[in-house]
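In my numbering, the protein residues as written are 10 to 294.
Note that beta-carbon positions come from the ideal geometry of N, C-alpha and C, so glycine has one too.
Because the structure is a prediction, the values reported are computed rather than measured.
A short write-up of the structure that comes next.
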Ligand code: AIR
Ligand code: ASP
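Following this line, the structure appears as structure tokens:
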């Protein structure tokens, strides 16, 4: 394998330079961390499942007009994505109280929120990703008011769509985290694209009938059955056959490799969409 340039190594992914200008390769690791890297582990096959789940969800979102960085799946752990100028914010959308909002505001976990709530966190490991207000975002110029409005609107749409998609497969979308990046067109116009990943690593998903946790909280809270939960999500989405691709703690490589072909086909069909056809409005100047 040729040596590729590592652009960035995160806790769960590695980003490599891509084969064409303006592209990156996103590699999904099996590593799991919590509490800003304080707790670490690795679960065989987690990266394969997240690659697949995220490829599928990004493709579905593109189909409803949400521009994303996803171009195509390359193999079971890698996807080709657009190179973006990342916005240093985590956008969290919550439907049901859990995690930090339950703790911070003393709301009982599982309480349905009066309406979806969008929160922003400044991406800075040294500071533990502190929550920030819209005023901080504008004052520190992380986004201009137009971009902020656009990101809130896009995040609401993503929430509406994913809520429906997950409820159709018996899962409650409790909350999730999104990241966005900027892309400039040839005329200098700006596009905001959904980036990073959407997977059980950054969504809370509960079984609709039992409220069983089917996401990274199984790892955060030492509940066990992490890979089984992720597989169950992939299985319900129709992305892996019944029984999954991880058997007895190891990946059925042959099965996993044959599966990634499906996303490749999808990618080829879609091709590289010209930036000028992106459905977002150019920025006001
Ligand atoms: N999240 C936030 N930072 C990293 C991640 N993965 C996701 C969590 C959860 C949501 O954002 O996975 O789905 C809210 O997290 P919290 O900890 O603020 O309650
Ligand atoms: N804070 C992230 C999480 O718990 C992961 C990490 O920072 O290590 O999802």
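Let's test the definition: count the other Cβ atoms within 10 Å of the Cβ of residue 242 and tell me whether it reaches 16, buried, or not, exposed. With 16 or more Cβ atoms within 10 Å of its Cβ, residue 242 is classed as buried.
Got a sec: does the ligand ASP put a non-hydrogen atom nearer than 6 Å to the Cβ of residue 45? Yes.
Using 8 Å as the Cβ pair cut-off and three pairs as the minimum, do the region 195–204 and the region 213–221 touch? They do not touch, by the three-pair rule.
If you draw a straight line from the alpha carbon of residue 79 to that of residue 63, how long is it in whole angstroms? Roughly 9 Å between the two C-alpha positions.
For the region 142–198, which segments carrying the alpha helix (DSSP H) assignment without a break, of at least 4 residues, lie completely within its bounds, in sequence order? DSSP runs (the alpha helix (DSSP H)) wholly in the region 142–198: 143–148, 154–176.
Would you please state the rounded distance, in angstroms, between the beta carbons of residue 57 and residue 85? I believe it to be under 8 Å. Right, their Cβ atoms sit about 5 Å apart.
For residue 20 and residue 191, the rounded distance between their alpha carbons: Rounded to whole angstroms, the gap between the alpha carbons of residue 191 and residue 20 is 22 Å.
Going by DSSP in three states, residue 294 sits in which element: helix, strand or coil? Its pLDDT being 47, under 50, residue 294 is placed unreliably by the model, and the measurement read from it follows with that caveat. Three-state result, residue 294: coil.
Assuming residue 61 and residue 268 make a contact with CB atoms under 8 Å, what is their CB distance in whole Å? Yes, they are in contact, since the Cβ atoms of residue 61 and residue 268 sit about 7 Å apart, within 8 Å.
Return yes when the C-beta of residue 20 is under 6 Å from any heavy atom of the ligand ASP, and no when it is not. Yes; taking the cut-off as 6 Å, the Cβ of residue 20 has a heavy atom of the ligand ASP nearer than that.
Using only the alpha-carbon positions, how far apart do residue 107 and residue 227 sit? If you take the alpha carbons of residue 107 and residue 227, they lie about 13 Å apart.
Enumerate in chain order the residues of its own chain whose CB-to-CB distance from residue 18 is below 6 Å, with the five nearest sequence positions on each side excluded. Once the five neighbours on either side are set aside, residue 18 has no close Cβ partner at all.
Confirm the yes/no value for this check: CB of residue 186, any heavy atom of the ligand AIR, distance under 6 Å. True, at least one ligand heavy atom lies under 6 Å from that Cβ.
Taking all protein chains shown into account, do 16 or more other C-beta atoms lie within 10 angstroms of the C-beta of residue 37, making it buried, or fewer, making it exposed? Buried.
Which whole-angstrom value is the C-beta distance of residue 127 and residue 100, which I expect to be below 8 Å? Yes, residue 127 and residue 100 are in contact; Cβ-Cβ is about 7 Å, under 8 Å.
Enclosing beta strand (DSSP E) for residue 71 [first to last residue]: Run containing residue 71: none in the beta strand (DSSP E); it sits in the alpha helix (DSSP H), 55–72.
In the DSSP assignment, find the alpha helix (DSSP H) that holds residue 114 and state where it starts and stops. Residues 108–114.
Looking at the structure shown, is residue 236 part of a helix, part of a strand, or coil, going by DSSP? Three-state DSSP puts residue 236 in a helix.
Within this structure, are the beta carbons of residue 164 and residue 102 separated by less than 7 Å? A contact, by the Cβ cut-off of 7 Å.
In whole angstroms, what separates the C-alpha of residue 121 from that of residue 130? CA-to-CA, the gap between residue 121 and residue 130 works out to about 22 Å.
What is the DSSP secondary structure of residue 204, counted as helix, strand or coil? Residue state, collapsed to three classes: coil.
Around the Cβ of residue 240, are there at least 16 other Cβ atoms within 10 angstroms (buried) or fewer (exposed)? Result: buried.
For residue 207 and residue 67, the rounded distance between their alpha carbons: Whole-angstrom Cα-Cα distance: 7 Å.
Residue 216, enclosing beta strand (DSSP E) - first and last residue: First-last of the beta strand (DSSP E) with residue 216: 212–216.
State the Cα-Cα distance for the pair residue 170 and residue 158, rounded to the nearest angstrom. Straight-line measurement puts the Cα of residue 158 at about 19 Å from the Cα of residue 170.
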